[in-house]
Amino acid sequence: MNNLDQNGFAIKDTRVKVHNYSRENNELTSSTYEHVVEGSGIPALSTLIEPNADKNGFTQVFNVEEQVWKYAEDHRYESDVYNIHTKQKEEIRYIGALKPEHTVLVPTSHDHEFIDGAWIITEAKQTEIDAMQKQQRIVELEAEKAEVSTSMMKNGFLGKTEEAKADALRLEAIELEIKQLKE
């Protein structure tokens, strides 16, 4: 740097290592060696200030006003970032902390909602789930009832009284369970 004056212009032709950053967000993009002709300066969007050491999960951004590199969270290369509304994985395309609609916590199920930093099932959702499960069980029992009823009639017709009695007892149990579920 002794071949550059206090304003950054070359006092004579020189070769320097510069650290380049993007126009969009001043993110470090590369480091290159540049030939600087006497009377000129380093390329735009670059600095002679050495970046910090790499840090996992972070990128570096050049603060032009302070003339310093700063770490910024970088989730762009993480494969497990979820949208808290859609519960789907999303590709992050920005640097910095995750936005409020994103989390690295895996959704437990589609029924869970992201509340206060955790995936939970609300009381209302649990009530809805319970009602759906109850209705599903009733449908299953109604199908079983039809099968047992058919079996009972068939066994009665064939004179298989013990089997027909067993079917009748099973039919009663099914009807009782259906009645209890509907209450």
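Take the sequence shown: its letters are residues 416 to 598, numbered as in the working numbering. Built from N, CA and C at the ideal position, the CB exists for glycine as well.
Assigned secondary structure, Ile535 (DSSP; H/G/I helix, E/B strand, else coil):
strand
What three-state label does DSSP hand Ile544 in the structure shown?
helix
Which same chain residues end up closer than 6 angstroms to Ala487 when comparing Cβ atoms and leaving out the 5 residues on each side of it in sequence?
Thr474, Val476, Ile510 and Gly511
Alpha-carbon to alpha-carbon, Leu460 and Leu443
C-alpha separation (whole angstroms): 10 angstroms.
Alpha carbon to alpha carbon, how far is Asn498 from Pro522?
C-alpha separation (whole angstroms): 9 angstroms.
What is the DSSP secondary structure of Thr518, counted as helix, strand or coil?
Reduced to three states, the DSSP call for Thr518 is strand.
Is the CB-CB distance between Asn570 and Ala561 below 8 angstroms?
no
Assigned secondary structure, Thr447 (DSSP; H/G/I helix, E/B strand, else coil):
strand
Leu463 - DSSP class collapsed to helix/strand/coil:
Three-state DSSP puts Leu463 in coil, outside helix and strand.
By how many angstroms is the C-alpha of Asn478 removed from the C-alpha of Asn441?
Straight across, the Cα-Cα distance linking Asn441 with Asn478 is about 7 angstroms.
How is the beta strand (DSSP E) around Glu488 delimited, first residue to last?
Note, Glu488: beta strand (DSSP E), Val483 to Glu488.
Would you check if the region 519 to 533 and the region 545 to 553 touch, i.e. whether three or more CB-CB distances between them fall below 8 angstroms?
no
State the Cα-Cα distance for the pair Ser564 and Asp582, rounded to the nearest angstrom.
7 angstroms
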